[in-house]
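Numbering of the sequence shown is given in full-length UniProt numbering, commencing with residue 1 and proceeding in unit increments. Quick reminder that beta carbons are idealized off the backbone N, C-alpha and C, glycines included. First comes the structure, then the notes that go with it.
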Amino acid sequence: MEKIEIHEGEIGISFFSLHVDGKEVGRMAVQITPGILKAGYTSVGLMQRKNGYGRKLVNAVVDYARENSLKIIPECGFVAMMFNKFPETYGDIRAIR
């Protein structure tokens, strides 16, 4: 069973973690400021890659941003790649610099 949790930090840096059968398989660090969510990094365990977990984390963060009227700055290379590869899916949520 897959579950995504949001862990809020004290200084505006939080992370989303993805668990499968109770074990953390990936996480994404984010920084939230008024109107903006910066996606800092995405990490998926080496043995867990190729399972789509990175994309699931991106989608969870995008859903959170949409629900909270935030735009995303993709500082993480993986998130930037997903935004560039699928502009029809993520174009509305990307912050324009």
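Rounded separation between residue i and residue j - CA only
{"i": "M47", "j": "F86", "result": "25 Å"}
{"i": "E67", "j": "T33", "result": "15 Å"}
{"i": "F15", "j": "I96", "result": "23 Å"}
{"i": "R27", "j": "S43", "result": "5 Å"}
{"i": "E75", "j": "Y53", "result": "18 Å"}
{"i": "E10", "j": "Q31", "result": "11 Å"}
Beta-carbon contacts of residue i that lie in its chain and below 8 Å, excluding the five residues immediately before and after
{"i": "E2", "result": "L18, H19, V20, K56"}
Supposed close pair residue i, residue j - CB separation, criterion 8 Å
{"i": "Y41", "j": "A29", "result": "5 Å"}
{"i": "L70", "j": "G45", "result": "In fact, because the Cβ distance is near 27 Å, the residues do not count as touching under 8 Å."}
Cβ shell of residue i (< 7 Å), same chain only, five flanking positions each side left out
{"i": "M82", "result": "R55, V58, Y90"}
{"i": "K93", "result": "It is worth fixing the name first, because residue 93 is Ile in this sequence and not Lys. The answer, listed in chain order, is V62, A65, R66, K71, I72."}
Same chain, Cβ closer than 6 Å to residue i, neighbours up to 5 away in sequence not counted
{"i": "P5", "result": "In the sequence on display, residue 5 carries Glu and not Pro. Hits under 6 Å: S17."}
{"i": "I8", "result": "The sequence given here places Glu at residue 8; Ile does not occur at that position. Closer than 6 Å at Cβ, skipping near neighbours: S14."}
{"i": "K38", "result": "Q31, I73, E75"}
Identified DSSP bridge partners for residue i
{"i": "A29", "result": "F15, Y41"}
{"i": "R94", "result": "I72"}
{"i": "E24", "result": "H19"}
{"i": "K3", "result": "H19"}
**Q.** Continuous beta strand (DSSP E) assignments of at least 3 residues falling wholly in the stretch 35 to 61
**A.** Every unbroken stretch of the beta strand (DSSP E) spanning 3 or more residues and falling wholly within the stretch 35 to 61 is given here in chain order: 36 to 44.
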